[in-house]
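The next block holds one structure in the form of structure tokens; read it before the comments.
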Amino acid sequence: MNLEKHHKISIWYFIVGIWVVLILQNYLAATYAVKTIPYSQFVQKLKQGKIVEVSITEKHIQGLMKPESSSEKDINFRTVRVAPDTSELLDKYHVNYSATIESTFFRDILSWIIPVLLFVGIWFFLMKRLTAQQPGFMSLGKNKAKVYKQEEIGVSFEDVAGVDEAVAELVEVIDFLKNPEKYLEFGGSLPKGLLLVGPPGTGKTLLAKAVAGESHVPFYSISGSEFVELFVGMGAARVRDLFDQASANAPCIVFIDELDAVGKARGFGGVPGHDEREQTLNQLLVEMDGFDPNIGVILMAATNRPEVLDPALLRPGRFDRQVLVDRPDKQGRIAILQVHLKKIKKLGDIDVEELANMTPGMVGADLASLVNEATLLAVRGRNKTVEKEHFEEAVERIVAGLEKKNRLINPKERKIVAYHELGHALVALSIPGTDPVKKITIVPRGIAALGYTMQVPTEDRFLMTKTELLGKIASLLGGRAAEEMIFIDISTGAHNDLAKATDIARSMVTEYGMGEKAGQVYYKKEPQAMFLQLGQGRTATGEYSEETARVIDEEVRNIIDQQYAVAMKLLDEKREILEEAATELLEKEKIDGSYLEKLIKEKGTEKPLEGE
Ligand code: ADP
Ligand code: MG
Ligand code: ZN
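Numbered according to this note's numbering, the sequence shown spans residues 5 to 616.
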């Protein structure tokens, strides 16, 4: 290959160069052969009258002396000048002497310029090697992105289980790459950037590979951390190359794994002057703006820390579509286990559902290693097949490992989370005007939330009534209320809920004039009123007296207390439903809002809902 030859030749130049220098040095040394003698010997020769002439430099004495036998030539000698003044001695023995300033020119070349040349040579050589590492058929010798050919990948969507929603989105992308005319005819265009977001080990990298495997187009994959390593300025150059290559080879897919390594918010919390990464990020943004997705280049990236990404990356026209790759629920785990169990040739009689029950909280990568571990245990125990007991032991090992890393919640906590989430849901369902409950899950999400209740507004809202706001507060407090009712004790799990509820209550009093004692006065003095979002601006002080401040605090407190009581009462009426739903939720890990509604209807304890 062209490139390979080129860089071999440059190594040869280099070797020949060194060789020439060495020979030259030898030759010079031979012609100017100088014998170095001790000073004492010099003085002795001087006394014997054998010194012909000398020249004295700052540190040395050089000269000619007569040889032992007269047939030979005079000898060039050199000695270190020990006595500060040799001239007296030389006068005494009538030797011609002169003083010269030592010429250091030649020595400088040897000691300074050659090492520099060597370094430059080595540097060039290394650069060549580093940039030439790209394998494959289309290497332009500049980029480290790996190019996979379709056959090399061998991953299809069948290998990725339990993340059906993400797969559905990606199928659309593949369809575009395969039949772009179909979309372009309609004037449609695909999103430029597709970001896979989800906790570690949920199969983001695997999904990207599956996309490559299914789409039959070149797939450039590079990891964010690879961008940032190495020399200054390389990251940005690499991004440029990557996009150049991609445009030249469209249709194709570019995949940046671990985007957070490059994409961290600029000038935030980092070491100042760490602008290598910043340059890389800027270049990435520039390139993303510059290319037209309709030529068939799709940019994909994955991250498990979307919260640290620079907001610029998420703007429309950049990574504008985000695909959530979440932790699997029980059904998902069953599907994933089936994928991996299929690979085992000697499998005993295994109940997959039972296995899924034993592994709450585990993600795809954990399950893959569970299956592998069980197989290893079976082999080690010289069993004929992989049996249930092996899986049980493997689960124990993996759970112990994960618990150490704090990634699993224990059964007690799961129970608290289940009641807490149901508390939100049941209160929300019992109060007219709150958003309908879509689903409830105790599969941990992200880093902070242990479970969640998904409420989807039925329509876009621009105005909210006081009753609705109060209902919202009550449902936010429902989580803690349920905990208190069932476990008597309360947990820290509600702190986010409390923050949101307090925020709404405060806004009601200070912004919307809904307080009773504070009256219809706008107390908040802030540039932008954040509507129902947990804003950071709460600490800003408005223009009101301390007395008013106390009134506001009191009112906020009252609203919260009252709504907490409302939530408590509602839950108390529905305790039976709560218990039954909790059992179901702990078993299934995810239940639909419709299930709860049905349960409420069956038990018939709900107050008639207004307007329904
Ligand atoms: P991520 O990139 O999200 O951290 P990976 O894609 O690297 O996770 O997953 C690591 C391994 O775990 C995969 O190679 C695969 O064997 C297994 N795995 C993860 N998620 C799944 C899944 N949804 N279905 C099947 N296997 C999975
Ligand atoms: Mg990954
Ligand atoms: Zn909550």
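Note that beta-carbon positions come from the ideal geometry of N, C-alpha and C, so glycine has one too.
- DSSP places G197 within a strand segment (E or B) once states are collapsed to three.
- For G67, the enclosing beta strand (DSSP E) begins and ends at 64-69.
- Annotated three-state conformation of F491 is helix, per DSSP.
- E391 has its alpha-carbon roughly 38 Å from the corresponding atom of S227.
- Scanning W16, V38, K96 for the CA closest to the CA of V47 turns up K96.
- Contact between the stretch 278-296 and the stretch 174-192 is absent, with fewer than three C-beta pairs closer than 8 Å.
- When distances are taken from the beta-carbon of A498 to the heavy atoms of the ligand ZN, the shortest one is below 7 Å.
- Taking the C-beta atoms as reference points, D501 is found nearer than 8 Å to L481.
- Taking C-beta separations shorter than 6 Å and ignoring five residues to either side along the sequence, the partners of L174 in its chain run V215, following chain order.
- Beta-carbon to beta-carbon, L574 and V431 are separated by about 5 Å, close enough to satisfy the 8 Å threshold.
- Under DSSP, L473 forms no beta bridge with any residue.
- In the DSSP assignment, Q326 is bridged to L199.
- Contact check for A250 against Y224 passes: the beta carbons are separated by less than 8 Å.
- Between the ligand MG and T363, a heavy atom-to-CB distance of less than 7 Å is absent.
- Closest in C-alpha terms to N100, from the list D163, I302, K54, comes K54.
- In terms of Cβ geometry, A586 and A422 form a close pair [threshold 8 Å].
- Per DSSP, reduced to three states, the secondary structure at D261 is strand.
- With respect to the 8 Å criterion, A509 and V560 are classified as neighbours on the basis of their beta carbons.
- Comparing C-alpha distances from G427 to each of K416, D439, I444, G437 shows the shortest one belongs to I444.
- The three-state secondary structure of R242, taken from DSSP, is helix.
- Counting C-beta pairs closer than 8 Å gives fewer than three between the stretch 301-308 and the stretch 124-131, which falls short of the contact rule.
- In chain order, S219, V221, P255, G300, I302 place their CB closer than 7 Å to the CB of L181, counting only its own chain and leaving out the 5 sequence neighbours on each side.
- Leaving aside the five residues that flank A360 on each side, the residues in its chain whose CB is nearer than 7 Å to its CB run, in chain order, K334, R337, I338, L341.
- Annotation for I564: the continuous alpha helix (DSSP H) segment containing it runs 550-577.
- If you check the CB distance, V84 and K63 come in under 8 Å.
- Distances taken from the Cβ of G158 to the heavy atoms of the ligand ADP include none shorter than 7 Å.
- For S227, the three-state secondary structure derived from DSSP is strand.
- With a cutoff of 7 Å, A165 counts as near the ligand ADP, since its C-beta is closer than that to a heavy atom of the ligand.
- In this structure, D248 has its beta carbon at no less than 7 Å from each heavy atom of the ligand ZN.
- For the pair K268 and V447, the CB atoms are not nearer than the 8 Å cut-off.
- I55 sits in a strand when the DSSP states are folded into three classes.
- The residues A269, in chain order, have a CB closer than 8 Å to that of P315 in the same chain once the five nearest residues on each side in sequence are set aside.
- A direct Cα-to-Cα measurement between K521 and N562 gives close to 11 Å.
- Taken through DSSP and simplified to helix, strand or coil, D596 comes out as strand.
- I15 counts as exposed, since fewer than 16 other beta carbons sit within 10 angstroms of its beta carbon.
- Proximity to Q66 across L32, E176, S102, P88 peaks at S102, based on C-alpha coordinates.
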